[in-house]
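Trainee: Numbers 176 to 427, taken from the working numbering, label the letters of the sequence shown in order.
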Amino acid sequence: MIHFFDSHAHLTAPEVLTHLDGILARAKKAGVDRMINICTCRTTLEEGLKLKGMLNAGATTPHDVEKDGEADFGVFERAAREGKIIAIGETGLDYHYQHSDRKVQKKFLIRYLHLAAELNLPVIFHCREAFEDLFEIVDQEYPKRAPAILHCFTGTEAEAEGVLERGWHLSLSGIVTFKKSTALQEVAKFVPLEQLLIETDTPYLAPQSKRGRQNEPAFVVETAACIAMLRGETLELIAKHTRENGIRLFSL
Ligand SMILES: [Zn+2]
Numbered sequence: 176m177i178h179f180f181d182s183h184a185h186l187t188a189p190e191v192l193t194h195l196d197g198i199l200a201r202a203k204k205a206g207v208d209r210m211i212n213i214c215t216c217r218t219t220l221e222e223g224l225k226l227k228g229m230l231n232a233g234a235t236t237p238h239d240v241e242k243d244g245e246a247d248f249g250v251f252e253r254a255a256r257e258g259k260i261i262a263i264g265e266t267g268l269d270y271h272y273q274h275s276d277r278k279v280q281k282k283f284l285i286r287y288l289h290l291a292a293e294l295n296l297p298v299i300f301h302c303r304e305a306f307e308d309l310f311e312i313v314d315q316e317y318p319k320r321a322p323a324i325l326h327c328f329t330g331t332e333a334e335a336e337g338v339l340e341r342g343w344h345l346s347l348s349g350i351v352t353f354k355k356s357t358a359l360q361e362v363a364k365f366v367p368l369e370q371l372l373i374e375t376d377t378p379y380l381a382p383q384s385k386r387g388r389q390n391e392p393a394f395v396v397e398t399a400a401c402i403a404m405l406r407g408e409t410l411e412l413i414a415k416h417t418r419e420n421g422i423r424l425f426s427l
């Protein structure tokens, strides 16, 4: 059986948690035996910490920092210091939706970068239409070559090169399987195997054949198969490298 690593899933989001047992059973059946639960608020973190064997990461998303950033920073900081989370994120900048003021997004990105650097934890970035600022801030505030993931990458080829030249991992979601994602499919062809990750971003962004449904880790197989096809490589090779990259990056 081929084994897969889903590097980014919101497994304790309320709409997922209600039927998590079935979701985890289907993941196991599909060979998806590793996944990172991304906690974005104190409730999803509490639920994640209750689940035996769950690998949790946490931070307030750039969408919510204006509302919850201040109140929840200490919660994530404490969990990180106590070794309860294995990565900091998703943090970053989102100028597409811009649900929070840009200045506030930047402030919390910097706070989370400093925390990750101090504790030597990988950081998971969310970035939409904000690469120039993201690169500038991270270059100033985070050690060079320290571990980082650009999750659900949807930028340009030049932005992908910016990610890769910094030594970060680039994670592709179900978006790469969409018929109109031609630019992203070009990116999928040149990411070095050593820097590639795959993810579902459960419950969002189900791949092409499941569009409109709630996403779940089992569906990461379709994304891996699409990437393999685009690159002219085998599914086994994509699964092996993305899984090994995840295990190394998160020190599992
Ligand atoms: Zn996410």
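Where is the CB? At the ideal position from N, CA and C, for every residue including glycine.
For a test of your reading of the model: does the CB of E265 fall under 7 Å from any non-hydrogen atom of ligand 1? Yes or no.
Mentor: Position 90 of the sequence shown, counted from the start, is the residue given in the question as residue 265. At least one heavy atom of ligand 1 is nearer than 7 Å to the Cβ of E265, so yes.
Trainee: Exposed or buried, which one is D196 when buried takes at least 16 other CB atoms within 10 Å?
Mentor: For the purposes of this step, residue 196 is taken as residue 21 along the sequence shown, with counting starting at 1. By the neighbour-count rule (16 or more Cβ atoms within 10 Å), D196 is not buried but exposed.
Trainee: Just to confirm, are A234 and Y287 a CB contact at a threshold of 8 Å?
Mentor: As a first step, residue 234 must be located in the sequence shown, where it is residue number 59. As a first step, residue 287 must be located in the sequence shown, where it is residue number 112. Taking 8 Å as the Cβ cut-off, A234 and Y287 qualify as a contacting pair.
Trainee: D239 by DSSP, collapsed to three states: which one?
Mentor: As a first step, residue 239 must be located in the sequence shown, where it is residue number 64. Correct three-state label for D239: coil.
Trainee: Among the residues of its own chain, which have a CB less than 8 Å from the CB of P378, if the five just before and after it don't count?
Mentor: Position 203 of the sequence shown, counted from the first residue, corresponds to residue 378. These residues qualify, in order along the chain: H185, A188, E190, V191, Q389, N390, E391.
Trainee: Do the CB positions of D269 and R320 come within less than 8 Å of each other?
Mentor: Here the question's residue 269 lines up with position 94 in the sequence shown. Here the question's residue 320 lines up with position 145 in the sequence shown. No, Cβ-Cβ distance for D269 and R320 is not below 8 Å.
Trainee: Rounded to whole angstroms, what is the Cα-Cα separation between C401 and F179?
Mentor: Indexing the sequence shown from 1 puts residue 401 at position 226. Indexing the sequence shown from 1 puts residue 179 at position 4. Cα to Cα, C401 sits roughly 14 Å from F179.
Trainee: Would you say E428 and F300 are within 8 Å of each other, going by their C-beta atoms?
Mentor: One cannot answer for residue 428 here, as it falls past the ends of the chain, which runs 176 to 427.
Trainee: Over what stretch of residues does the alpha helix (DSSP H) that includes C401 continue unbroken?
Mentor: Counted from its first residue, the sequence shown places residue 401 at position 226. Start and end: 395–406.
Trainee: Compute the Euclidean distance between the alpha carbons of E257 and H416, then round it to the nearest angstrom.
Mentor: Locating residue 257 in the sequence shown gives position 82, where the first residue counts as 1. Locating residue 416 in the sequence shown gives position 241, where the first residue counts as 1. Rounded to whole angstroms, E257 to H416 spans 30 Å at the Cα level.
Trainee: In whole angstroms, give me the CA-to-CA distance for Q383 and I263.
Mentor: Position 208 of the sequence shown holds residue 383. Position 88 of the sequence shown holds residue 263. Spanning the two alpha carbons is a distance of roughly 29 Å.
Trainee: Would E222 be called buried (16 or more neighbouring beta carbons within 10 Å of its own) or exposed?
Mentor: By one-based count along the sequence shown, residue 222 stands at place 47. Its Cβ being crowded by 16 or more others within 10 Å, E222 is buried.
Trainee: DSSP three-state call for S275: helix, strand or coil?
Mentor: As a position in the sequence shown, residue 275 is number 100, starting the count at 1. Here S275 sits in coil by DSSP.
Trainee: Should L339 be flagged as near chain B, meaning a C-beta pair shorter than 8 Å?
Mentor: The structure shown has no chain B; it contains just one protein chain.
Trainee: Using only alpha-carbon positions, find the residue among A205, L226, F283 that is nearest to D243.
Mentor: Locating residue 243 in the sequence shown gives position 68, counting from the first residue. Of A205, L226, F283, the residue nearest in Cα terms is F283.
Trainee: Could you check which residue in S356, N295, A254 has the C-alpha nearest to that of N231?
Mentor: Translated into the one-based positions of the sequence shown, residue 231 becomes position 56. The option with the nearest alpha carbon to N231 is A254.
Trainee: Closer than 6 Å by C-beta to G330: which residues in its own chain qualify, once you throw out the five before and the five after it? Chain order, please.
Mentor: Reading the sequence shown from its first residue, position 155 is the one you call residue 330. Here the set comprises F306.
Trainee: With a cut-off of 8 Å on the beta carbons, I'd call H183 and H289 a contact; round off their distance for me.
Mentor: Position 8 of the sequence shown, counting from 1, holds the residue named residue 183. Position 114 of the sequence shown, counting from 1, holds the residue named residue 289. That belief does not hold up - the Cβ atoms of H183 and H289 are roughly 22 Å apart, past 8 Å.
Trainee: Specify, as a first and last residue, the run of the alpha helix (DSSP H) that L219 falls within.
Mentor: Reading the sequence shown from its first residue, position 44 is the one you call residue 219. It should be noted that the sequence gives Thr, not Leu, for residue 219. Here the alpha helix (DSSP H) through T219 covers 217–225.
Trainee: Runs of 4 residues minimum, wholly inside the region 245–325: which ones carry the alpha helix (DSSP H) assignment?
Mentor: Complete alpha helix (DSSP H) runs here, min 4: 245–256, 277–294, 306–316.
Trainee: In this structure, how does DSSP classify L371 when only helix, strand and coil are distinguished?
Mentor: Taking the first residue of the sequence shown as 1, we reach residue 371 at position 196. Here L371 sits in strand by DSSP.
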